[in-house]
Every structure is written in structure tokens, then in C-alpha cells.
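Each remark here refers to the structure printed beneath this line.
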Amino acid sequence: MEACTDKSKDESPDSNLDFGSIYSDTEDELQNVDSNYGLSDLNTSDCDSTDLDSDIKYSHHPTTWKDLKPELKCVLPQNSEGSELCEKYEFTYLIESYRTLPQHKFCGAPVANFETRIRVNMDNEEQAKSWVDSLSKKTKCTYRVSRTYKPSLKRVMYKIDLHCQHFRKPLTRKQQQMRSQKKTRPSTLLSGVHCKKTNCPSKLSITIQKPPKSKVPKHHDTHKGVVKLTFHHNHPIDSAHVLGFRPVSEDTRKKYVRLFSLGHSASSAHHHYEEDTLHSGGQFSIADRSVNPDVHWVHCFYRKWRSEILGSENGKNLFERLTLEMEKYNEHNGEIGGCAKMQWYSIQDSDIGTDYNVDDLEESQPAKGKKILRENISLSFLLYVLL
1 MEACTDKSKD
11 ESPDSNLDFG
21 SIYSDTEDEL
31 QNVDSNYGLS
41 DLNTSDCDST
51 DLDSDIKYSH
61 HPTTWKDLKP
71 ELKCVLPQNS
81 EGSELCEKYE
91 FTYLIESYRT
101 LPQHKFCGAP
111 VANFETRIRV
121 NMDNEEQAKS
131 WVDSLSKKTK
141 CTYRVSRTYK
151 PSLKRVMYKI
161 DLHCQHFRKP
171 LTRKQQQMRS
181 QKKTRPSTLL
191 SGVHCKKTNC
201 PSKLSITIQK
211 PPKSKVPKHH
221 DTHKGVVKLT
231 FHHNHPIDSA
241 HVLGFRPVSE
251 DTRKKYVRLF
261 SLGHSASSAH
271 HHYEEDTLHS
281 GGQFSIADRS
291 VNPDVHWVHC
301 FYRKWRSEIL
311 GSENGKNLFE
321 RLTLEMEKYN
331 EHNGEIGGCA
341 KMQWYSIQDS
351 DIGTDYNVDD
361 LEESQPAKGK
371 KILRENISLS
381 FLLYVLL
């Protein structure tokens, strides 16, 4: 197995599903919340040093999501319902090892902390990505790609390593020098500084193995996916500060596209969507960036949507798109006498009736005059509509 590339990606899908790890400051609140989320059997006293070294191994047959431990049930996805990467199907698991990790003592610390190795009914790369997508939507934790591997002809079909988005990679010498030269900024609550990287140790590894030809248990043929999950976040998950770093979900993108199609601008669409989200989801949905993105993202997404749907605002691409729209107009209104014509001409040429090709004009002019020529052509563009 050879390492192919080291990279990190910023796009991962999100959802509004509730996460079973609950945070509270008092023991009474913790017991009440655990009973509502099916975590009444969770014992935080298992985090002693004597229990950390014991690696519990299981040899059971594949179990459904309902038969899992309470700690695993509040983290592992039940199905791929919210994912758009593949069709919906139920996940079944085979627990090979499980180890309890110590719980953090800060306010808002996740209740579930464990390290496990499980087998999942995965057969290809799409199902593996769908499982990660469902895991991120349920736990509200985004995982970035840290390393990919080349497939092996003998044993491995697909393998990938992921880490929590709050993990900080080791800095290079140049980055360390640049950081040391920067002035330190205050990190108080009212300073406006949002720190994202906390060196979170949570990580994930997925391997889809080929079934060997030798005699092996039958569950190896149906559960080819081997997942190594270390769920041990050193930061809150449901706080407004952490939810502000989540990537925008696909459902939110579709809602904004619908508003843009109705004629909204970036500002009006953001105002309308934020008001609607506040009334339907409440204040907690406003803090989640996957549900309520910031204004800067909305403006960037609007410019991207406009360039793809309506074309460029000026230049050659605008006129090419206008030519296509004119052809559609002529086909639709040709029977009633409607007709639209277009021709290019240059201000420097007195013969206005002569047609020109933009590519030919740009090639015939020197490199320094191309910009001036484009401006002259765009300013001297004529559109005749004959009714």
C-alpha cells in the first residue's frame, strides 16, 4: 500500500439531525438528557486508567444499528437516508474491538468517547463516502481527507484516512516564521477572533478489502468495509462557535438557487432565507453555518450561479450567450413576425454594416491592443429588434 497524496478538502455535506452526545454542567441535567437520547446506560466511570488499556474484542455476528451499544448508537449512522451519493440502504455492523477513552472535563464536552474497529456492509467507494456523509450529518462533525491510497490488486480496493476539521497539521518552517512575525491578537469572547484549530485527535480510517480466496467467515464477504474510528473530540460539538465552521449543506444550496431563480439578489435572498429559517428552526438553526451561511458565502455563491446560468456580465461570453437567446427568441416568435439580429463592428471602421468575428479581430491585433479592442467592441455593440 503506497501513499498517493496528502490533501484536505473543504466540501462535505451536512444535515440537521440531532446528535446523541449531550453537554451539561450538572449531574442532574446529564441524567435527564441521557434518558431522552437513549444514553441512560452510559457509564462515565468507565474512563478510569484501569479500563483504558483493556481492548474488548467481539466475535459476534453482524448486528443491526438497534443492537449496538448506547455509545455507538449515538454516533454511528443507521442508514444513508440523508446522503445523496447513493441510494438509501441500512447499515449493519460487526464490532471487532472497542475501547473507552477518558472524557474531557471542560464545559460542553462530548459524552461519548471511544476508539473502535468495526466492519460495515460497504462494497465500493460511493458507499464509503455515503457512510462518512451520514456520520457527519448525525454527529455534526466534519471530517477532512488527510491521505488517500492507491488501490491494491491483491487485497485493498479503496482506502482513505480522514481527520476532524479542527485538527491542525504541522506547520512548515516558512509558516512558523510568518506566524511568529504576526502580532498576537486578543482571544477574548468580545474580540471577534474565532479560533478554529484545536488539534482535535479525532480521526477516521476506511478500508474496503477484497474477499480472500481462502476459507474465511461469511461476514467478511458481506462486510468488506473496515472502519477505524477514534471519537475523542477535544472541543464542543453543539456550541454556536463550533457550528459556525460547518460547510454549507446541499439542501441549503438548493434553497438559495430557488430564491435566485425567483429573481432575488444575494442580499434579498439572504434576508428572506434567514427570516424563514429563524421562524421554522429557531435560534439554534441560525448559529449553524450548514443551515444558515454567512453573507460573504451567499454573495460568492450568487456570482457563481449567475456566471453559470446567465453568463458573464460583460465581454465576449455575454455576447455569445445573447446570441443563443436571440436564436431561441427567433424560433419562438418567428411565426408572428418577431426577429432579432446582431452584428459586430469596430469604432475604428467606418463600414458599420460589415460583420466581424471577435476571435479574428483579437488575433489580428497586437497583444497590447487586445484589451482596448474588447472594450471598443463591447461599447459599440448594436442590437436591432424588428417587430
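Just so you know, the UniProt record's numbering puts 11 at position 11 of the sequence shown, and the rest follows in order with no gaps.
Every residue gets a Cβ at the ideal spot worked out from N, C-alpha and C, and that includes glycine.
Excluding sequence positions up to five before and after I160, its CB lies within less than 6 Å of the CB of T148 and I206, all in the same chain and listed in chain order.
In the three-state scheme derived from DSSP, where H, G and I count as helix and E and B as strand, H104 is classed as coil. One Cα belongs to P212, the other to G244, and the distance between them is close to 45 Å. Q78 and L94 have their C-alpha atoms some 13 Å from each other.
For C164, the uninterrupted beta strand (DSSP E) run begins and ends at V156 to C164, by DSSP. Between D288 and R246, the beta carbon gap of about 6 Å places them in contact (Cβ cut-off 8 Å).
Counting every other CB atom within 10 Å of its CB across the protein chains shown gives Y89 a total below 16, marking it as exposed.
In the DSSP secondary-structure assignment, F231 is bridged to F114.
A check of alpha carbon separations from V298 across A266, T323, N314 and R321 identifies A266 as the nearest. DSSP places M326 within a helical segment (H, G or I) once states are collapsed to three.
By the Cβ test, the stretch 229-238 is in contact with the stretch 112-130, since at least three Cβ pairs between them sit closer than 8 Å.
Under a 10 Å Cβ-count criterion, E331 is classified as exposed, with fewer than 16 other Cβ atoms of the shown protein chains found around its own Cβ. C-alpha of N317 to C-alpha of C300: approximately 19 Å in a straight line. In this structure, DSSP gives Q176 a helical state, which the three-state scheme calls helix. Under the three-state reduction of DSSP output, C200 falls in the coil class, being neither helix nor strand. Distances from the alpha-carbon of K129 to those of P151, L162, V75 and R99 put L162 closest. Judged by DSSP in its simplified three-state form, R289 adopts coil rather than helix or strand. Burial is judged here by how many other beta carbons sit within 10 angstroms of a residue's own beta carbon; H235 has at least 16 and is buried. Between G108 and S285, the C-beta gap is not smaller than 7 Å, which leaves the two residues out of contact.
Boundaries of the beta strand (DSSP E) around V145: Y143 to Y149.
A Cβ-Cβ contact shorter than 7 Å links K197 with H166.
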